[in-house]
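Asks: Dumping the structure here so I can ask a few things about it.
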Amino acid sequence: MRDCAAETLEDVQGRADPRAIPIQRVGVKAVRHPLRIADRAGHQQQVAAYCNMYVGLPAHLKGTHMSRFLQILQEQEEALRVDNFDRLLVQTQERLEAESARIELQFPYFVRKKAPVSGVESYLDYEVEWSGEITGDEIRSQLLVHVPVTSLCPCSKSISEYGAHNQRSRVSVQVEARSPLWIEDLIDLVESEASSQLYGVLKRPDEKYVTEYAYDHPKFVEDMVRDVALRLQQDSRVRRYSVASENFESIHNHSAYAFIEGEN
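The numbering of the sequence shown is our numbering, which starts it at 5 and goes up by one.
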């Protein structure tokens, strides 16, 4: 039986709009949706992502087709990778018949890590924000990774007869890349510059190791952002970057913070 109603219902969004004001971004926000993300080793993990999807709306149109954004997500069969994210942007632009489109994804990303002495394995989670925008044929995308690490104060170590205060820090690195730069690449870079990296599970020999390692690698918040920025400046894959570090101080009721941005 034919759906006559579907053939006769008016497409209200397609009406002309007399106000003649374009909208830079219109779409759906905070859509929680399962996605498969491919890692550097070629494996995949299922994540629950928050998705924001927008298109630019020209001045003469009343509205966009909101349901199409959800359909695009539902139809994703291939795992998203840093080298195929552009495909999702192009698909959104084409399906919504728009000049521009923007997608923002936020999700937890898990890395299986071995403790430094015992070798016991456990997962550590990282917060990832992946965004991109297409205007005409030009595509720009950014990858933002929040990496928790340990920082130990050089001043405290220098002036104390024994011990030094340390704390957990959150280092946030955002990169616009010329060529594929994996989530794990940014995690590895940050963790290698920290006083110590974090682990999900540590045995007593591991605790001894990370405590002493941090003591031997003290870092101010300024050191952290400068050292990470220097590594990014030396990476030919990086076009633009920003680095922020927040130390959740253990001897103060405030945080220490530093930020650097640059381009290669």
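Don't be surprised by glycine CBs; every beta carbon is placed ideally from N, CA and C.
From Leu264 to Glu197, what distance separates their C-alpha atoms?
Replies: Taking the sequence shown and counting its residues from 1, one reaches residue 264 at position 260. Taking the sequence shown and counting its residues from 1, one reaches residue 197 at position 193. The sequence as given places Ile at residue 264; Leu does not occur at that position. The alpha-carbon atoms of Ile264 and Glu197 are separated by roughly 15 Å.
Asks: Since Lys223 and Ala119 should fall inside the 8 Å C-beta cutoff, what is the C-beta to C-beta distance between them, to a whole number of angstroms?
Replies: Locating residue 223 in the sequence shown gives position 219, where the first residue counts as 1. Locating residue 119 in the sequence shown gives position 115, where the first residue counts as 1. Beta-carbon to beta-carbon, Lys223 and Ala119 are separated by about 22 Å, too far to satisfy the 8 Å threshold.
Asks: Classify Glu267: buried if its beta carbon has 16 or more other beta carbons within 10 angstroms, exposed otherwise.
Replies: One-based indexing of the sequence shown puts residue 267 at position 263. Flag for Glu267 reads exposed.
Asks: Looking at C-alpha atoms only, which residue of Cys159, Arg174, Ser173 is the closest neighbour of Gly167?
Replies: As a position in the sequence shown, residue 167 is number 163, starting the count at 1. Of the listed residues, the one whose Cα sits closest to Gly167 is Cys159.
Asks: My understanding is that Val153 touches Ser173, with C-beta atoms under 8 Å, so please give their C-beta distance in whole angstroms.
Replies: Position 149 of the sequence shown, counted from the start, is the residue given in the question as residue 153. Position 169 of the sequence shown, counted from the start, is the residue given in the question as residue 173. That belief holds up - the Cβ atoms of Val153 and Ser173 are roughly 5 Å apart, short of 8 Å.
Asks: Exposed or buried, which one is Arg23 when buried takes at least 16 other CB atoms within 10 Å?
Replies: The residue you call residue 23 lines up with position 19 of the sequence shown. By the 10 Å Cβ count, Arg23 comes out exposed.
Asks: Since Gln49 contacts Asp43 with CB under 8 Å, what's their CB separation in whole angstroms?
Replies: Counted from its first residue, the sequence shown places residue 49 at position 45. Counted from its first residue, the sequence shown places residue 43 at position 39. Yes, they are in contact, since the Cβ atoms of Gln49 and Asp43 sit about 7 Å apart, within 8 Å.
Asks: Let's test the definition: count the other Cβ atoms within 10 Å of the Cβ of Tyr28 and tell me whether it reaches 16, buried, or not, exposed.
Replies: On the sequence shown, residue 28 is found 24 positions in, with the first residue counted as 1. Note on identity: in this sequence residue 28 is Gln, with Tyr being the wrong assignment. Burial call: exposed.
Asks: Which whole-angstrom value is the C-beta distance of Leu77 and Gly136, which I expect to be below 8 Å?
Replies: What you label residue 77 is simply residue 73 of the sequence shown in a count that begins at 1. What you label residue 136 is simply residue 132 of the sequence shown in a count that begins at 1. About 15 Å separates the two Cβ atoms, so there is no contact after all.
Asks: Evaluate the contact criterion for the region 136-148 versus the region 98-106: three or more CB pairs, one atom per stretch, below 8 Å.
Replies: Yes, the region 136-148 is in contact with the region 98-106.
Asks: Do the CB positions of Ala262 and Ser249 come within less than 7 Å of each other?
Replies: The residue given as residue 262 occupies position 258 in the sequence shown. The residue given as residue 249 occupies position 245 in the sequence shown. Yes, Cβ-Cβ distance for Ala262 and Ser249 is below 7 Å.
Asks: With DSSP collapsed to three states, give me the class of Asp129.
Replies: Indexing the sequence shown from 1 puts residue 129 at position 125. Collapsing the DSSP output to three states places Asp129 in a strand.
Asks: Would you kindly work out how many angstroms separate the C-alpha atoms of Leu39 and Glu82, rounded to a whole number?
Replies: Residue numbering aside, residue 39 sits at position 35 when the sequence shown is read from its first letter. Residue numbering aside, residue 82 sits at position 78 when the sequence shown is read from its first letter. Answer to the nearest angstrom: the Cα atoms are 9 Å apart.
Asks: Thinking C-beta only, is Val35 closer than 7 Å to Cys55?
Replies: Indexing the sequence shown from 1 puts residue 55 at position 51. Indexing the sequence shown from 1 puts residue 35 at position 31. Yes, they are a contact pair.
Asks: Can you give the Cα-Cα distance for Val32 and Met70, rounded to whole angstroms?
Replies: Translated into positions along the sequence shown, residue 32 becomes position 28. Translated into positions along the sequence shown, residue 70 becomes position 66. Straight-line Cα distance between these residues: approximately 7 Å.
Asks: What three-state label does DSSP hand Phe252 in the structure shown?
Replies: Locating residue 252 in the sequence shown gives position 248, counting from the first residue. Strand.
Asks: In angstroms with no decimal places, state the Cα-to-Cα distance between Val177 and Glu14.
Replies: Counted from its first residue, the sequence shown places residue 177 at position 173. Counted from its first residue, the sequence shown places residue 14 at position 10. For Val177 and Glu14, the distance between alpha carbons rounds to 47 Å.
Asks: Which whole runs of the beta strand (DSSP E) in the region 128-188 are 3 residues long or more, in chain order?
Replies: 142-156, 170-181
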